[in-house]
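*Asks:* Quick one: structure below, then a few questions.
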Amino acid sequence: MIKIAILGFGVVGSGTAEVLTENQKIIEERLGCEYSIKYILDLRDFPESPFADLVVRDFNVILNDPEVTVVAEMMGGSHPAYDFSKACLEAGKNVVTSNKEVVSNFGVELCEIARKNGVRYLFEASVGGGIPVIRPMLNDLASNKITKICGILNGTTNYILTKMRDEGASFADALGEAQRLGYAEANPSADVDGIDAARKIVILAALASGKLISPKSIHTEGISSISLLDTKVAEALGCSIKLIGQAHVSADGLCALVSPCMVPKHNPLSRIDDVFNGILIDANMVGEVMFYGPGAGKLPTASAVVADIIDVIAHMDSELKTINWEEAVPADLTDFDSFSCARVFIASEALSFADDVTVVKTAQLDEAFAYLTAPLTEAQANDISQTNKNSIISVFRAL
Numbered sequence: 452m453i454k455i456a457i458l459g460f461g462v463v464g465s466g467t468a469e470v471l472t473e474n475q476k477i478i479e480e481r482l483g484c485e486y487s488i489k490y491i492l493d494l495r496d497f498p499e500s501p502f503a504d505l506v507v508r509d510f511n512v513i514l515n516d517p518e519v520t521v522v523a524e525m526m527g528g529s530h531p532a533y534d535f536s537k538a539c540l541e542a543g544k545n546v547v548t549s550n551k552e553v554v555s556n557f558g559v560e561l562c563e564i565a566r567k568n569g570v571r572y573l574f575e576a577s578v579g580g581g582i583p584v585i586r587p588m589l590n591d592l593a594s595n596k597i598t599k600i601c602g603i604l605n606g607t608t609n610y611i612l613t614k615m616r617d618e619g620a621s622f623a624d625a626l627g628e629a630q631r632l633g634y635a636e637a638n639p640s641a642d643v644d645g646i647d648a649a650r651k652i653v654i655l656a657a658l659a660s661g662k663l664i665s666p667k668s669i670h671t672e673g674i675s676s677i678s679l680l681d682t683k684v685a686e687a688l689g690c691s692i693k694l695i696g697q698a699h700v701s702a703d704g705l706c707a708l709v710s711p712c713m714v715p716k717h718n719p720l721s722r723i724d725d726v727f728n729g730i731l732i733d734a735n736m737v738g739e740v741m742f743y744g745p746g747a748g749k750l751p752t753a754s755a756v757v758a759d760i761i762d763v764i765a766h767m768d769s770e771l772k773t774i775n776w777e778e779a780v781p782a783d784l785t786d787f788d789s790f791s792c793a794r795v796f797i798a799s800e801a802l803s804f805a806d807d808v809t810v811v812k813t814a815q816l817d818e819a820f821a822y823l824t825a826p827l828t829e830a831q832a833n834d835i836s837q838t839n840k841n842s843i844i845s846v847f848r849a850l
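For the numbering used here, count along the sequence shown from 1 and bump the result up by 451.
See the structure below:
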């Protein structure tokens, strides 16, 4: 009998208990063994919950129980989630998590501790909610060199941008609706400022390159400055505005960033709306593959947590390859000023461009002029913005 402990009984933690219980028969049939939830760690009481009798407040009860071999951490935040995960791994317990903050900040250390102690640290649910993407990258794409990852990684911002585009809602009104529906927190900064997406893209970049970048060190923009004019320009240019996390892996190094982008309608990411996520991965042998599905939510995310639990239990007696990451150093990263992509300039008056800038498409609205250019480096785009600073309304990267 495998004994499982759950750390944190919030949305995902309670969902994990529900999935493990509701689908217990089918999971045990597939595993060929039985399991049970022995403890749930939380400071609160849940008298109405069917799991109320399993709740403990002292983490040491779990840590010091040799029967517990699998720990599922869904506490959120860095501390004490990191501290508890580290202690469990050092005690020879397998840990699975949905906590992208801990994985993106401490993943190198925790994977190494797991390796040294002959256990596993898995985090499928940390990116993409219920979308299987991490395990396919590690297994199904193992024969490929991944060169580019590009995705909608945050369901809250995608919902807001969809409302702005389809209903003409302002950013403030769309955010308020997202908060009323429970998609956004009372303090929505992690979502709307791009912090959540940054944590996720550095995890995906590390899976592709073996180098974990600090989320705080990558270029990160949010969506709070996007206006209805921007959405009108996007439509006029045949695009949708999406908050995009990107990672590029080349012989020159690794580059990762998060920013709003104009996504052409022919790109499948442009058609992913509401709270859904989509991730495009370019691999040198298979080509471009896409992962799509619910990027958040109680049961979708919990299903990914349970998938990791199943993986751990199924391979407890096997020697498996562990994740070996290194902390990225400046030499591993490309110069961000040299990052190149198409651009959209929105201005209050007509602009003229230097001969070395190719304008691919233009649009004129009552209140603005818009220009889609061929790829420009960050340095070139900044120069154009500075030269036309009295006319420029906004500038977007474009896919």
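Using N, Cα and C, we set each Cβ at its ideal position, and we do this for glycine too.
(1) Looking at C-alpha atoms only, which residue of T607, T682, G748, G633 is the closest neighbour of I646?
(2) Rounding to the nearest angstrom, what Cα-Cα distance links G744 and L592 in this structure?
(3) One question on the structure: do I603 and G729 come within less than 8 Å of each other, judged by their Cβ atoms?
(4) Taking the alpha carbon of V584 as the reference point, which residue from C601, V570, G569 has its own alpha carbon closest?
(5) Taking all protein chains shown into account, decide if C484 is buried (16 or more other Cβ within 10 angstroms of its Cβ) or exposed.
(6) Can you list the beta strand (DSSP E) stretches of 3 or more residues lying completely in the region 475-532, in chain order?
(7) Please name the residue, chosen from V546, N511, E499, that lies closest to V521 on a Cα-to-Cα basis.
(8) So N556 is in the alpha helix (DSSP H); what residue range does that whole segment cover?
(9) Counting Cβ pairs closer than 8 Å, one from the region 682-691 and one from the region 766-785, do we hit at least three?
(10) Going by beta carbon distance, what residues of the same chain come within less than 8 Å of A661, once the five residues before and after it are set aside?
(11) Apart from the five residues on each side of it in sequence, which residues of its chain come closer than 8 Å, Cβ to Cβ, to V519?
(12) Which of the three DSSP states is assigned to L471 in this structure?
(13) How many Å lie between S836 and I797 at the Cα?
(14) For T472, is the classification buried or exposed, using 16 other Cβ atoms within 10 angstroms of its Cβ as the cut-off for buried?
(15) In whole angstroms, what is the alpha-carbon distance linking A821 and S529?
(16) Taking F853 as part of the beta strand (DSSP E), name the residues at either end of that continuous run.
(17) For S487, does the count of other Cβ atoms within 10 angstroms reach 16, so buried, or fall short, so exposed?
(18) Where does N718 land, buried or exposed, given buried means 16+ other C-beta within 10 angstroms?
(19) Taking the C-alpha atoms as reference points, what is the distance between L612 and R566?
(20) From what residue to what residue does the alpha helix (DSSP H) around K614 run?
(21) Can you name, in chain order, every residue of its own chain whose Cβ lies under 6 Å from the Cβ of F828, other than the five neighbours on each side?
(22) Can you tell me which of the three DSSP states R586 falls into?
(23) Spatial neighbours of A532 within its chain, please: C-beta separation below 7 Å, excluding the five flanking residues on both sides.
(24) Can you name, in chain order, every residue of its own chain whose Cβ lies under 7 Å from the Cβ of A648, other than the five neighbours on each side?
(25) Can you name the residues that DSSP bridges to K596?
(26) List the DSSP bridge partners of F727.
(27) Give me the Cα-Cα distance between Q831 and A657, rounded to the nearest whole angstrom.
(28) Kindly identify the DSSP beta-bridge partner or partners of M713.
(29) Report yes or no: do the region 798-814 and the region 753-762 share at least 3 C-beta pairs separated by less than 8 Å?
(30) For the ligand ATP, is there any heavy atom lying closer than 7 Å to the beta carbon of K454?
(31) Distance, Cα to Cα, F847 vs C712?
(32) What is the C-beta distance between G493 and G459, in whole angstroms, given that I count them as a contact (C-beta under 8 Å)?
(33) Cutting at 7 Å between CB atoms, please list the residues of its own chain near A635, excluding the five before and the five after it.
(34) Apply the 10 Å Cβ neighbour rule to V653 and answer buried if 16 or more other Cβ atoms are within range, or exposed otherwise.
(35) Quick one: what does DSSP say E770 is sitting in, helix, strand or coil?
(36) Could you tell me whether the region 569-588 touches the region 737-753, where touching means 3 or more Cβ pairs closer than 8 Å?
*Replies:* Concretely, from the data shown:
(1) Position 195 of the sequence shown holds residue 646. When each option's Cα is compared against that of I646, the closest is T607.
(2) Here the question's residue 744 lines up with position 293 in the sequence shown. Here the question's residue 592 lines up with position 141 in the sequence shown. Their backbone Cα atoms lie some 19 Å apart in a straight line.
(3) Translated into the one-based positions of the sequence shown, residue 603 becomes position 152. Translated into the one-based positions of the sequence shown, residue 729 becomes position 278. The answer is yes: Cβ separation under 8 Å.
(4) For the purposes of this step, residue 584 is identified with residue 133 of the sequence shown, where counting begins at 1. Ranking C601, V570, G569 by Cα distance to V584 puts C601 first.
(5) Counted from its first residue, the sequence shown places residue 484 at position 33. Looking at its Cβ environment, which holds fewer than 16 other Cβ atoms inside 10 Å, C484 is exposed.
(6) 486-492, 519-524
(7) Sequence index remark: in the sequence shown, residue 521 carries index 70 (1-based). Cα-wise, what sits closest to V521 is V546.
(8) Within the sequence shown, residue 556 is the residue found at index 105, counting from 1. Unbroken alpha helix (DSSP H) run through N556: 551-567.
(9) no
(10) Taking the sequence shown and counting its residues from 1, the one referred to as residue 661 is at position 210. The question names Ala, but residue 661 in the sequence shown is Gly. Cβ contact annotation for G661 (same chain, cutoff 8 Å, sequence separation greater than five): N775, W776, E777, in chain order.
(11) Counting from 1 along the sequence shown, the entry for residue 519 is found at position 68. The answer, listed in chain order, is K454, I455, A456, K489, Y490, I513, K544.
(12) To locate residue 471, count along the sequence shown from 1; it is residue 20. Helix at L471.
(13) Stepping through the sequence shown from its first residue, residue 836 is reached at position 385. Stepping through the sequence shown from its first residue, residue 797 is reached at position 346. Approximately 10 Å between the Cα atoms of the pair.
(14) Indexing the sequence shown from 1 puts residue 472 at position 21. T472 should be labelled exposed.
(15) Here the question's residue 821 lines up with position 370 in the sequence shown. Here the question's residue 529 lines up with position 78 in the sequence shown. Cα-Cα distance, rounded: 42 Å.
(16) Only positions 452 to 850 of the chain appear in the structure, and residue 853 is not among them; the question remains open.
(17) As a working note, residue 487 is residue 36 in the sequence shown. By the 10 Å Cβ count, S487 comes out exposed.
(18) Counted from its first residue, the sequence shown places residue 718 at position 267. Per the 10 Å Cβ criterion, buried.
(19) Residue numbering aside, residue 612 sits at position 161 when the sequence shown is read from its first letter. Residue numbering aside, residue 566 sits at position 115 when the sequence shown is read from its first letter. C-alpha separation (whole angstroms): 41 Å.
(20) Translated into positions along the sequence shown, residue 614 becomes position 163. Residues 606-618.
(21) Numbered from 1 along the sequence shown, position 377 holds the residue referred to as residue 828. It should be pointed out that residue 828 corresponds to Thr in this sequence rather than to Phe. Sequence-distant Cβ neighbours of T828 in its own chain, meaning closer than 6 Å and more than five residues away, are S789, S791.
(22) Taking the sequence shown and counting its residues from 1, the one referred to as residue 586 is at position 135. Three-state result, R586: helix.
(23) Position 81 of the sequence shown holds residue 532. Within the same chain, A532 has close Cβ partners E524, M526, N550, V553.
(24) What you label residue 648 is simply residue 197 of the sequence shown in a count that begins at 1. Taken in chain order, the residues that qualify are L604, N605, L694, G696, V709.
(25) The residue labelled residue 596 in the question sits at position 145 within the sequence shown. K596 pairs with nothing; no bridge assigned.
(26) Counting from one through the sequence shown, the residue named residue 727 turns up at place 276. Here F727 is bridged, per DSSP, to P745.
(27) Position 380 of the sequence shown, counted from the start, is the residue given in the question as residue 831. Position 206 of the sequence shown, counted from the start, is the residue given in the question as residue 657. Answer to the nearest angstrom: the Cα atoms are 28 Å apart.
(28) Sequence index remark: in the sequence shown, residue 713 carries index 262 (1-based). For M713, which the question treats as bridged, DSSP gives the partners I692, A849.
(29) no
(30) Looking at this structure, you won't find the ligand ATP or any other ligand, since it has none at all.
(31) For the purposes of this step, residue 847 is taken as residue 396 along the sequence shown, with counting starting at 1. For the purposes of this step, residue 712 is taken as residue 261 along the sequence shown, with counting starting at 1. Near 6 Å, if we compare the C-alpha coordinates of C712 and F847.
(32) Numbered from its first residue, the sequence shown carries residue 493 at position 42. Numbered from its first residue, the sequence shown carries residue 459 at position 8. One detail in the question is off: residue 493 reads as Asp in this sequence, not Gly. Contact between D493 and G459 holds, since their C-beta atoms are separated by about 6 Å, short of 8 Å.
(33) Taking the sequence shown and counting its residues from 1, the one referred to as residue 635 is at position 184. Result list for A635: T607, L626, A629, D642, in chain order.
(34) Here the question's residue 653 lines up with position 202 in the sequence shown. Under this definition V653 is a buried residue.
(35) Along the sequence shown, one-based indexing puts residue 770 at 319. Coil.
(36) Between the region 569-588 and the region 737-753, the count of Cβ pairs shorter than 8 Å is three or higher; the stretches touch.
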